[in-house]
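So the structure is just underneath, and the comments pick up after that.
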Amino acid sequence: MENNSPNFVRTIIKEDLESGKHNHIITRFPPEPNGYLHIGHAKAIILNFGVADEFNGETNLRFDDTNPIKEDVEYVNSIKEDVEWLGYTWDNLFFASDYFDEMYERALLLIKKGLAYVDDLSADEIREYRGTLTEPGKNSPYRDRSINENLDLFEKMRNGQFKNGEKVLRAKIDMSSPNINLRDPVIYRISHTEHHNTGDKWCIYPMYAFAHPLEDAIEGVTHSLCSLEFEDQRPLYDWIVKNCEMQHTPRQYEFGRLNLTNTVMSKRKLRQLVEEGYVDGWDDPRMPTISGLRRRGYTPEAIRNFCQEIGVSKAYGTIDSQMLDHFVREDLKLKAPRTMGVLKPLKVVITNYPEGEVEWLEAENNPENPEMGSRLIPFSREIYVEQEDFMENPPKKYFRLFPGNEVRLKHAYFIKCEEVIKDEEGNVIELHCTYDKETKSGSGFTGRKVKGTLHWVDANHSIPAEFRNYQPLIMDENPTEEEEEKTFLERVNPQSLEVMNGFVEPNMKQVNPQDKFQFFRHGYYNVDPKHTTKDNLVFNQIVSLKSSFKL
RNA sequence: UGGGCUAUAGCCAAGCGGUAAGGCAACGGACUUUGACUCCGUCAUGCGUAGGUUCAAAUCCUGCUAGCCCAGCCA
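Counting in our numbering, the first sequence runs from 4 upward without gaps.
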């Protein structure tokens with residue numbers, strides 16, 4: 004799906020190319036490897052790679068690994084997998100830690116220019132000296148150390164002669180700036196921590212505010228796209244690039260991050276859901292992580308089309324998750340074979356059908372895509388239909404089975420409900436129906452019409468399967484009963500997972516993990532790669548079909 | 001009550017001085033062996049608000065209002 008609707012990032016790049024400011028653009032996707040990617044990251048990935056592809060530029064995948072206590076190779080591997088799965092190939096793979104030597108040199112340069120100093124204040128003291136949103140900060144008593152003393156101290160920091168937190172390196176800018184980011188930001192801290200990439204080579208690590216602009220400049224990134232909360236960092240970003248005398252001058256542009264209804268989109272919260280056992284991992288199908296969406300059965304194409312369509316802007320908004328659902332259905336419509344599955348079975352005996360007989364009926368695999376061919380499905384005297392396709396006392400406009408009513412069985416015959424069998428408690432446990440041989444599917448029968456068509460499965464030839472239907476994991480606040488504001492954990496939906504045991508057509512035996520199907524009248528399902536075994540088929544509901552039916 | 005940003009339909013979003021694109025949702029109707037799909041139609045005399053400039057303003061100017069972000073040795 005091609006979408007050329009303009010956005011401000013694309014406009015800026017186009018202008019930069021036309022004006023000759025750049026003749027080649029470079030973007031980057033710079034995740035910190037401290038968690039799994041989610042659909043909000045997908046928006047950033049698609050923007051960065053998409054815009055570079057459009058203008059024949061390049062995109063680097065760069066891990067922003069400047070804080071070893073939070074980062075791990077587990078995450079770098081999952082991030083690479085997710086970016087590739089989304090369909091993108093990075094031009095270069097980099098790590099911020101590749102540049103630690105150069106960053107150290109640039110810090111030295113700042114010190115030599117009198118633009119950085121080693122501070123002995125504690126974290127608490129630095130906070131106090133920083134001032135508040137409305138009051139200016141005040142200078143650290145260590146702010147005016149000599150260049151030589153700073154050089155000596157910084158080297159000692161590097162050599163491990165101080166403990167964590169004992170000293171930091173700060174940029175010397177302006178303690179009274181209305182922009183708090185410019186009040187002598189810390190640019191290096193001491194952390195005696197092993198780094199996943201550099202091991203124990205370093206015990207000082209650069210802060211984001213210092214490292215990120217340097218990373219961009221080193222790579223020759225032209226357009227550094229990030230989210231809105233970094234807007235206040237931009238003056239500092241430019242200050243670092245300029246004063247560190249970088250050859251390239253990358254520009255930072257900020258866009259609004261993706262928010263979706265009925266979900267949470269922060270790594271911290273997602274991690275909490277995983278660690279506190281609300282879900283069975285980062286790839287739980289209810290998670291908005293890329294790996295969760297993948298296991299749920301979403302396709303890269305659907306996610307890409309969705310991100311194209313929602314656009315990129317600087318406004319703060321929350322997209323209705325129905326929009327995502329739409330693009331999933333749209334993508335799977337022609338790709339997924341259609342089949343029948345009964346999630347909550349109700350046995351039907353067709354009393355006038357010969358005992359012991361089985362006939363094999365032809366069924367097209369996707370009427371909207373004839374190339375998918377057809378299959379044969381068994382039909383005999385006993386079948387299962389969906390429990391909710393029968394009502395003893397139906398309301399008006401109920402087209403399904405009820406005593407005396409006739410319906411069509413998809414690909415088979417008309418059947419008429421003659422008798423309702425109940426157990427001692429009065430629950431309906433079986434239906435006795437009769438069929439009309441004349442009405443066979445494909446026979447061209449036009450004698451009479453029925454309003455309802457039901458899906459079904461042969462009781463003696465079908466195979467058992469587990470179905471997992473999902474509701475949003477996190478419910479949005481209900482504005483009607485707005486008592487106290489709830490934390491996101493209080494909004495966890497206890498009914499987000501519904502497991503059902505039903506039956507599918509016999510040819511589903513040879514299905515593979517991640518295969519996708521449309522179960523008639525239910526929706527799209529994915530073969531769960533984690534729980535499916537040879538003897539236990541598990542289908543994850545990707546998205547239901549739309550329905551205008553209401554009781 | 002410091003600074004930075006944002007405001008176009010229920011939700012996204014184009015629009016850049018010439019008279020409000022598109023998508024999602026919703027609602028009618030047609031078709032239908034999926035209450036699906038598809039198709040057709042409806043959906044902002046209005047662009048947060050009040051003024052101003054102009055022949056002409058969502059677009060320019062001024063004031064106001066509301067919301068979001070910033071006081072990590074996180075990113």
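In this text, a Cβ means the ideal position worked out from N, Cα and C, and glycines have one as well.
Asked	Found
Have a look at the DSSP bridge pairing and note the partners of Ile353.	Cys436
If you count every other CB in all the chains shown that lies within 10 Å of the CB of Glu131, and 16 or more means buried, which is it?	exposed
How is the beta strand (DSSP E) around Gly526 delimited, first residue to last?	Gly526 to Val530
Leaving out five residues before and five after Phe520 in sequence, what residues of the same chain have Cβ atoms less than 6 Å from its Cβ?	Ala339, Pro340, Thr342 and Tyr528
I'd like the ranges of any alpha helix (DSSP H) spanning at least 4 consecutive residues and lying wholly in the stretch 260 to 345.	270 to 278, 293 to 299, 303 to 313 and 324 to 335
My output table needs one value for Lys159: the three-state DSSP class, helix, strand or coil.	helix
When the Cα of Leu124 is compared with those of Gly117, Met106 and Ser143, which residue comes out closest?	Ser143
Considering Cα atoms alone, identify which of Trp285, Ser180, Asp85 and Pro475 is closest to Ala47.	Asp85
For the beta strand (DSSP E) that Trp363 lies in, which residues bound it at each end?	Glu362 to Glu367
From Glu389 to Asp439, what does the alpha carbon distance come to, in whole angstroms?	21 Å
At 3 residues or longer, and completely inside the stretch 89 to 125: list those beta strand (DSSP E) runs for me, N to C.	95 to 98 and 119 to 122
Cα separation between Val460 and Ile466?	9 Å
Taking the beta carbon of Ala557 as the centre, do at least 16 other beta carbons fall within 10 Å, making it buried, or is it exposed?	Only positions 4 to 554 of the chain appear in this structure, which leaves residue 557 out of reach.
Residues in its own chain within less than 8 Å of Lys350 by CB, not counting five upstream and five downstream?	Glu385, Ile386, Tyr387, Ile432, Glu433, Leu434 and Ala462
Beta-carbon within less than 8 Å of Ala110's beta-carbon, same chain only, minus the 5 sequence neighbours each way: which residues are those?	Ala119, Phe157, Leu172, Ile190, Tyr191, Pro209 and Phe213
Starting from the C-beta of His27, find all residues in its chain whose C-beta is less than 7 Å away, skip the five residues before and the five after it, and write them out in chain order.	Gly60
So the candidates are Lys166, Leu548, Phe552 and Glu501; which of them puts its Cα closest to the Cα of Val541?	Glu501
Indicate the three-state DSSP secondary structure (helix, strand or coil) for Gly641 in the structure shown.	Residue 641 falls outside the range modelled here, since the chain spans only 4 to 554, and no answer is possible.
Using only alpha-carbon positions, find the residue among Gly43, Lys489, Tyr301 and Pro139 that is nearest to Ser179.	Pro139
In angstroms, rounded to a whole number, what distance separates the CA positions of Glu428 and Phe552?	29 Å
Could you have a look at Asp461 and say whether DSSP puts it in helix, strand or coil?	strand
Following the continuous beta strand (DSSP E) through Tyr208, name the residue where it begins and the one where it ends.	Ile207 to Pro209
Compare the C-alpha of Leu273 against each of Asp287, Ile313, Leu261 and Thr264 and name the closest.	Asp287
Using only CA atoms, which one of Asp283, Trp242 and Ile15 lies nearest to His534?	Asp283
Check this for me: beta carbons of Lys175 and Val121, under 8 Å apart or not?	no
Should the stretch 357 to 370 be regarded as contacting the stretch 467 to 481, the criterion being three or more beta carbon pairs within less than 8 Å?	no
Quick one: which unbroken alpha helix (DSSP H) runs of 4-plus residues sit fully inside the stretch 215 to 269? Chain order, please.	237 to 246
Do you know offhand how far Pro398's Cα is from Lys452's?	20 Å
Please identify the residue among Glu57, Phe470 and Asp241 whose C-alpha is closest to the C-alpha of Gln250.	Asp241
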